[in-house]
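S.K.:
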Amino acid sequence: MKIILISAVSSNWVIGKNNQLIWHLPNDLKRFKNMTFGETVLMGRKTFESIGKILPGRRNIILTKKNKIHFLSSINTNNKTNPHGTFEVYSSLKQIYDLNYKKIFVIGGEKIYTSTIDKAHIIELTVIHKKFYGDAKFPKIPLSKWKKTYEFFHEKDKHHLYNYSFIRYERKD
Numbered sequence: 180m181k182i183i184l185i186s187a188v189s190s191n192w193v194i195g196k197n198n199q200l201i202w203h204l205p206n207d208l209k210r211f212k213n214m215t216f217g218e219t220v221l222m223g224r225k226t227f228e229s230i231g232k233i234l235p236g237r238r239n240i241i242l243t244k245k246n247k248i249h250f251l252s253s254i255n256t257n258n259k260t261n262p263h264g265t266f267e268v269y270s271s272l273k274q275i276y277d278l279n280y281k282k283i284f285v286i287g288g289e290k291i292y293t294s295t296i297d298k299a300h301i302i303e304l305t306v307i308h309k310k311f312y313g314d315a316k317f318p319k320i321p322l323s324k325w326k327k328t329y330e331f332f333h334e335k336d337k338h339h340l341y342n343y344s345f346i347r348y349e350r351k352d
């Protein structure tokens with residue numbers, strides 16, 4: 180199974196505050212959709228709640244420590260399901276790894292990134308070249324285990340308030 184972590188991070192590794200994104204970058208959202216559409220995405224319960232819906236066109240896997248039946252009954256499935264997207268709920272990463280999907284995109288939050296970075300093969304980041312303050316961070320990438328294989332810098336413009344870069348890291352073997 181190929182595990183790909185995908186996230187937008189500030190220059191000081193912040194990914195969110197109060198369970199929300201801090202910035203709005205349309206090109207980052209477009210890149211995220213292009214990379215994950217038609218794929219399987221893994222997220223924690225808090226990330227699912229912050230998104231507020233199943234991501235269409237993807238198999239959505241939600242990891243939660245809550246009782247599965249209690250979790251399912253606590254959401255309004257009429258607003259969460261989508262004819263073009265599905266979701267599954269699991270309580271451990273082992274259960275998810277046992278599914279042996281070809282590829283999984285890990286989309287957050289902090290605990291899920293931290294728990295999966297050691298098994299990940301690729302990290303796709305949008306790095307916003309500004310410090311933000313928040314309560315969720317992406318784990319530090321140990322550069323002894325990872326190599327940067329792609330980087331593309333974008334200057335701020337009328338749709339993007341900050342300079343940012345798309346960066347890919349691949350695990351060294």
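Each number in this note's numbering corresponds to the 1-based position in the sequence shown with 179 added. All C-beta atoms, glycine included, are put in the ideal place defined by N, C-alpha and C.
Taking Cβ positions, are LYS309 and GLY223 nearer each other than 8 angstroms?
M.R.: No, they are not a contact pair.
S.K.: May I have the straight-line CA-CA distance separating TRP325 from LEU304, to the nearest angstrom?
M.R.: 13 angstroms
S.K.: Spatial neighbours of HIS338 within its chain, please: C-beta separation below 6 angstroms, excluding the five flanking residues on both sides.
M.R.: Closer than 6 angstroms at the Cβ level, and outside the excluded window around HIS338, lie PRO205.
S.K.: Classify SER145 as helix, strand or coil using the three-state DSSP reduction.
M.R.: Any answer about residue 145 is impossible in this case: the structure gives the chain only from 180 up to 352.
S.K.: Could you check what DSSP says for LEU200 in three-state terms: helix, strand or coil?
M.R.: coil
S.K.: Measure from the alpha carbon of SER294 to the alpha carbon of each residue in PRO235, ILE307, LEU242, ASN342, then state which is nearest.
M.R.: LEU242
S.K.: Report the rounded CA-to-CA distance for ASP352 versus ILE302, giving the unit in angstroms.
M.R.: 15 angstroms
S.K.: In chain order, what residues of the same chain have a beta carbon less than 6 angstroms from the beta carbon of ASN261, not counting five sequence neighbours either side?
M.R.: Here ASN261 scores only 47 on pLDDT, less than 50, and its place in the model should not be relied on; the value that follows carries that caveat. Correct list, in chain order: ILE233, PRO235.
S.K.: Which complete beta strand (DSSP E) runs does the stretch 258-338 hold, if anything under 3 residues is left out?
M.R.: Complete beta strand (DSSP E) runs here, min 3: 265-269, 282-285, 301-307, 325-333.
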